[in-house]
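Going by the working numbering, the first residue of the sequence shown is number 545, and it counts up by one from there. Where is the CB? At the ideal position from N, CA and C, for every residue including glycine. Report on one structure; see the data block that follows.
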Amino acid sequence: MEKIIYYEDELNDEFSSAQIDIRTIDENYVFIHGPFWDKCSLVIQNVLSMPIKYLYAKLKFRIKFIGKEKVKPYKSQGYFIYGNHTQPFADTFIPSLMMYPKRNFFIVNPANVSIKGIGWLVAMLGAIPIPTNINGMKGFLNSVENKIKRNSAVTIYPEAHIWPYYTGIRPFKDVSFKYPVRLKTPVFCFTNCYVRRGKKGNKVQIVTYVDGPFYPDETLKPKERQRKLRDEVYNAMCERAKNSNVEVIRYVKKENKVSCQL
């Protein structure tokens, strides 16, 4: 049976079921750790957790990547990668699978590192939380720059909120594109599409399309570079989203206007 979710605001509605008390992320939060912590993080990210990530993606979604060879020439260079946010668990590792063995970090909502008992583990798996106040911005920006300078990837979900199994691309702002503009790095994007599989077509597969690289246009002013990068990524993702051919969940605007998905 198809599930229907009614929404009001494509930019701000959140459909994750998790209820978490958000911790304060300020100047006291440790964004950059020492060598021992970093080595432990590397082992957890790229060794211990990889079999779990791979098996979950393959067994549950029969995931298939199209275009992941586009990131291979950049294995010795830091870059940013943007994607559509449609899975509460799989979205934490799909980018890592397609760029492995490159280390991948995520810019995340503070809720992700606020889970009691495992917040530290989420951070070790690569989460970089957005500060909850201005005092934490210096450490946050230094951390993002540190990851890029060490030739890692930084993943951003510009839609910000999870809409499970959503087959369109929600409009998103250009604010997160200030990072590649500031650091003059390449940008990639990936689009998770949902397609039918199985003899009866009653099962769902994720096909992930990778596009890029896109570069900041140095002939433009910084804000214009941000906007152009955003538009290039958004348009590429919208085009790829047309490959979805099944709706596990149908999203309907409460104003009796059915949203355009496929």
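With a contact defined as Cβ atoms closer than 8 angstroms, residue 708 and residue 720 miss out at about 21 angstroms. Counting of Cβ neighbours within 10 angstroms places residue 578 among the exposed residues, the total staying below 16. Listed as beta-bridge partners of residue 635 by DSSP are no residues whatsoever.
Pairing residue 636 with residue 736, the inter-Cα distance amounts to about 13 angstroms. Under the three-state reduction of DSSP, residue 622 is assigned to coil, being neither helix nor strand. Under the Cβ criterion (8 angstroms, minimum of three pairs), the segment 648-660 counts as touching the segment 686-706. Comparing alpha carbon positions, the residue from 789, 743 and 728 closest to residue 621 is 728. Residue burial is scored here from C-beta neighbours: residue 733 has at least 16 other C-beta atoms within 10 angstroms and is therefore classed as buried.
In the assembly as shown, residue 553 is an exposed residue. Its beta-carbon has fewer than 16 other beta-carbons within 10 Å. Short of 7 angstroms from the beta carbon of residue 645, and not among the five residues preceding or following it, lie these beta carbons of its own chain, in chain order: 590. In terms of Cβ geometry, residue 715 and residue 759 do not form a close pair [threshold 8 angstroms]. Close CB contacts of residue 567 within its chain, under the 6 angstroms cut and outside five residues either way in sequence, are with 658 (chain order).
If you ignore the 5 residues before and after residue 679, its C-beta comes within less than 8 angstroms of the C-beta of 570 and 571, all in its own chain and listed in chain order. Between the alpha carbons of residue 787 and residue 738 lies a gap of roughly 8 angstroms. A distance below 6 angstroms between beta-carbons, with the five flanking residues on each side excluded, links residue 639 to the following residues of its chain, in chain order: 625, 648 and 699.
Linking residue 595 to residue 742 through their CA atoms gives a straight-line distance of about 24 angstroms. When secondary structure is reduced to three states using DSSP, residue 683 falls in the helix class. A residue is called buried when at least 16 other Cβ atoms come within 10 angstroms of its Cβ; residue 756 meets this threshold and is buried.
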